[in-house]
Structures are given as C-alpha cells and as structure tokens.
Amino acid sequence: MARWDGARTAADPERGPRAADDEARWFRVLLHVGFFLLLGSSLTRFLMRHTGDGIAPWVVTLAAVLAVLYLAEPALGGDRTRRHLWLGACSAAWIALVFLAPSFAWCSIPLFHLGLRTLRPPAAAAFIGLLTVVSVTAQLRLAGRFEFDILLAPPAIAAICVAVFVRMDQQTERQRELIADLVRTRRELAATERREGTLAERQRLSMEIHDTLAQGLSSQRMLLQAADRTWRTDPETAHRHVRAAGTIAEHNLTEARRFVHDLAPADLAGGGGLDEALRTLARRESTAGLAVRCHVEGVPARRLPDRVQSALLRIAQGALANVREHADARTAAVTLTYLDDQVVLDVADDGRGFDPAEVRPDGGVRGHGLPAIRTRARQLGGTLTVESAPGEGTVLSAAVPLTAV
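To get our numbering, take the position in the sequence shown, counting from 1, and add 1248.
So, in structure tokens, the structure goes:
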C-alpha cells in the first residue's frame, strides 16, 4: 500500500486529495491482485486434485465468469442499481463455485470489501454474514464432520477483514477531511497575509509620501508664501525664495521618480553613503531662518545595509520637517554616531519644544511624522527616544543595534 507522505502533503496541500485518492487506488489494486491470485490458486488446486471429475468444466466456466464479472466493475460507474445487480451476480457465481469446490471460499475476502463499498451498512453486514455462512457450510461439507475450527475460523477471518476495511475507509475519509482543512486553512492564511501585506504596503507608502513629497510641498508652500510677502518690498529675497522652491520641486521630482520605481532615496543614489546624504540634507534644509549642521562621529565597522541607510535618512528628513513646520527653531543639529554595537541618529533643535505625551499613535498633535519615525526605528529593531518640553527645544534619538542589521 502506498505510504502517505505527511511532510510532502503538508508542503503541497493541493496535492493532498490526489495523494489520498492514489492511496485508495493502490489499495484496490492490491485487493484485485489478491483476488486473482486466490482465484487462480484455488482453480489450480482443484484441477490438480479433481481432473477426472465431471464437474471440472463447470468449475472452470464459473471461475472464468467470476473473473469477467470482477473485471467489469470499472464499467459500472456510479449507478447503484447496476452495482447491486453486478454484486449479486458475482456472489451467485462465487457461491456456486464454493459448493462445487470449497477451496474457492478464500475468494470471499475481496468480496467483503466489494460489499462494504457497494451496500449500505445493514445490507453490507447481511451480505458478509451470507458469505461467511456459505464458507462455513462448504468447509463442513468438505470435512465430512463437525469441527470447531471450521465453524469459528471463517467468522473470525471475516470479522478481522471487515474491521481492517472499515478502519482503512475511516482513516482515508479522515485524511481527506484533514487535507481539506489544511487546504482551506492555507488559503485563509494566504488571504490574511495578503491583507496584512496590503496594510503594511499602505503604511510604507504613507510614510514615504510624508517623508518625501509632502515635506517638499510643505517647504515649497512656505517659500512661496514668503516670496509673496516680500515680492514688492524685497524682490531679490522673493526671487531667492522662488529659486529655492524650484530647487525643492526639482528634488521632489527626482524623489517621486525613484519612489515610483521603488529605488533608494535620491540623496543616497550618488554613492556617497549615509554620511554624505545627511550632509546634503542639512545643506538643503538650511534657510535664512534655520541653520542645520551635520556631524558624524566614529567609523562604521562595516557598511550599513541599504535599507538601514534609507530608513535613517528618512528619519532625519522627517525629524527636520517637524523642526521646520512646528519648532520655530533657529538652529538644528543632525548627529550620526557609530558605536561598537549600534548606530545612533540624533536630531536636536532649539525650538519651542512640546510635550511628548501629547503625541498619539495615530498622529496626534504633531501630525504623521513622529509616529512614522517611530515605526521606521521599530522596523529596524531599534528604539526611538524623544526628549522635549515646552520652551526647551527637542532632541530626537533613534538607535539601531548593529546585530539587527
């Protein structure tokens, strides 16, 4: 019998029902082979011992009829009436054979299985009882005397065979149910993972848009508003604000194109690494009202992965956007520190500060920026610390362990 490979079925649940059907098919093949071996051996035994008997032609004919009937099963399909008539014909041929040659009684074992597959439980029990009674009667007639082993052995064999067949059918059905549950669970899990992946991708997109396009648009709006206020009184300053807005727009366009293609931030595309990208960011964020400095301390033991560099740069962008939009600060400092076991990014400003307790997970008072920064740090296995108080500025510190990267 084919062995059910549980590991293989678990790895490929879609194959599970086919595996169960293959196992049942192999079992039926073995029963068929066993039936013809028993039929052939019984016929051979009869012919070797009773070649001169006048009943030999009848036995050979009945054996051939039984073999043909047995082979006709696949052509019956699922029609229950035809299958009942077919089973009755097989049983009649076998009973006639047993009374002519009792050694054919062994062929009843495969017939037990046919009865269990074809008939409902009460009818199947009666059918198996009839075959058992016929076997006992034929064996007693052959022995010529009453013997307990002949009386008890066929029922015992019938009981064992029926128990094995029923148990195997139950196991096969249970296996089909388990495989169906596994397939259904796998599909539900795949659907759940797709939903979670969609939500995660939405969150990633929202953070990327906030840290790139939204921040750039906010800066452009502020610069254009400043240019509008000074357009008549100080045209040179107004032109400078417009040129700065144009530079930011150009940078945002580059970011948008790289964002569409899911590439690294534009500041990292030049190959200068995170240090140079932070310096570029500090220069770009510096304005007449806000001076941004960048410091790098230490030397990395190894090159940081691209995803870590991108995330730390986005954290710096988000922090400086908060400084620009909310802090009303005059100076800000971006510090990148390489330690033995972690890399730390600090963004400090001398602005008006705020109460960190007012920041809610959904954005709260400070908008989407701070929760997005915290999420980025958590995705890297790191931590985010915010120290601030009204009127005392803010220090944001993101620490990422090097063992996590």
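Note that CB positions come from ideal geometry on N, CA and C, so glycine has one too.
Q | Option nearest C1409 by Cα separation, candidates L1465, T1380, T1433 | A | Your numbering for residue 1409 matches position 161 in the sequence shown. When only C-alpha atoms are compared, the closest one is T1380.
Q) Can the beta-carbon of H1489 be found less than 7 Å from the beta-carbon of L1471? A) What you label residue 1489 is simply residue 241 of the sequence shown in a count that begins at 1. What you label residue 1471 is simply residue 223 of the sequence shown in a count that begins at 1. Yes, Cβ-Cβ distance for H1489 and L1471 is below 7 Å.
Q) Bridge partners of R1541, per DSSP? A) The residue given as residue 1541 occupies position 293 in the sequence shown. Per DSSP, the beta bridge partners of R1541 are A1581.
Q: Give the C-beta separation of V1595 and A1647 to the nearest angstrom, bearing in mind that I take them to be a contact with Cβ-Cβ under 8 Å.
A: Counting from 1 along the sequence shown, the entry for residue 1595 is found at position 347. Counting from 1 along the sequence shown, the entry for residue 1647 is found at position 399. The C-beta distance from V1595 to A1647 rounds to 13 Å, too long to meet the 8 Å contact threshold.
Q) With a cut-off of 8 Å, do at least 3 Cβ pairs link the region 1491–1505 to the region 1596–1606? A) With the cut-off at 8 Å, the region 1491–1505 and the region 1596–1606 do not touch.
Q: To the nearest angstrom, report how far apart A1577 and R1600 are at their CA atoms.
A: Translated into positions along the sequence shown, residue 1577 becomes position 329. Translated into positions along the sequence shown, residue 1600 becomes position 352. For A1577 and R1600, the gap between their C-alpha atoms comes out near 7 Å.
Q: Helix, strand or coil for S1534, going by three-state DSSP, please let me know.
A: What you label residue 1534 is simply residue 286 of the sequence shown in a count that begins at 1. DSSP places S1534 in coil when its eight states are reduced to three.
Q) Going along the chain, which residues of its own chain have a beta-carbon closer than 7 Å to the beta-carbon of L1354, five neighbours each way excluded? A) Residue 1354 sits at position 106 when you count from the first residue of the sequence shown. In the sequence on display, residue 1354 carries Trp and not Leu. Same-chain partners within the cutoff: L1286, S1290.
Q) In three-state terms, what does DSSP make of V1346? A) Here residue 1346 is taken as the residue at index 98 of the sequence shown, counted from 1. Helix at V1346.
Q: Please report how far the alpha carbon of R1555 lies from the alpha carbon of D1417, in whole angstroms.
A: Against the sequence shown, residue 1555 aligns to sequence position 307. Against the sequence shown, residue 1417 aligns to sequence position 169. Roughly 55 Å between the two C-alpha positions.
(Q) To the nearest angstrom, how far is the alpha carbon of L1437 from that of A1411? (A) As a position in the sequence shown, residue 1437 is number 189, starting the count at 1. As a position in the sequence shown, residue 1411 is number 163, starting the count at 1. Their Cα atoms are separated by approximately 38 Å.
Q: Specify the secondary structure class of P1638 as computed by DSSP and reduced to three states.
A: Within the sequence shown, numbered from 1, the residue matching residue 1638 stands at position 390. In this structure, P1638 counts as coil in the three-state DSSP scheme.
Q.
Measuring only the C-alpha atoms, how far is L1362 from W1274?
A. Position 114 of the sequence shown, counted from the first residue, corresponds to residue 1362. Position 26 of the sequence shown, counted from the first residue, corresponds to residue 1274. Near 15 Å, if we compare the C-alpha coordinates of W1274 and L1362.
Q. Counting along the chain, where does the beta strand (DSSP E) carrying A1596 start and finish?
A. Translated into the one-based positions of the sequence shown, residue 1596 becomes position 348. From DSSP, the beta strand (DSSP E) with A1596 extends over 1590–1597.
**Q.** L1618 - containing alpha helix (DSSP H), residue span
**A.** Against the sequence shown, residue 1618 aligns to sequence position 370. L1618: member of the alpha helix (DSSP H) spanning 1617–1627, first to last residue.
Q: Return the Cβ separation of L1561 and L1526 in integer angstroms, given the expectation that the two are a contact with Cβ distance under 8 Å.
A: As a working mapping, residue 1561 is identified with position 313 in the sequence shown. As a working mapping, residue 1526 is identified with position 278 in the sequence shown. A Cβ-Cβ separation of about 7 Å places L1561 in contact with L1526 under the 8 Å criterion.
Q.
If you reduce the DSSP assignment to three classes, tell me which class P1649 lands in.
A. Mapped onto the sequence shown, residue 1649 falls at position 401. P1649: strand per DSSP, three-state reduction.
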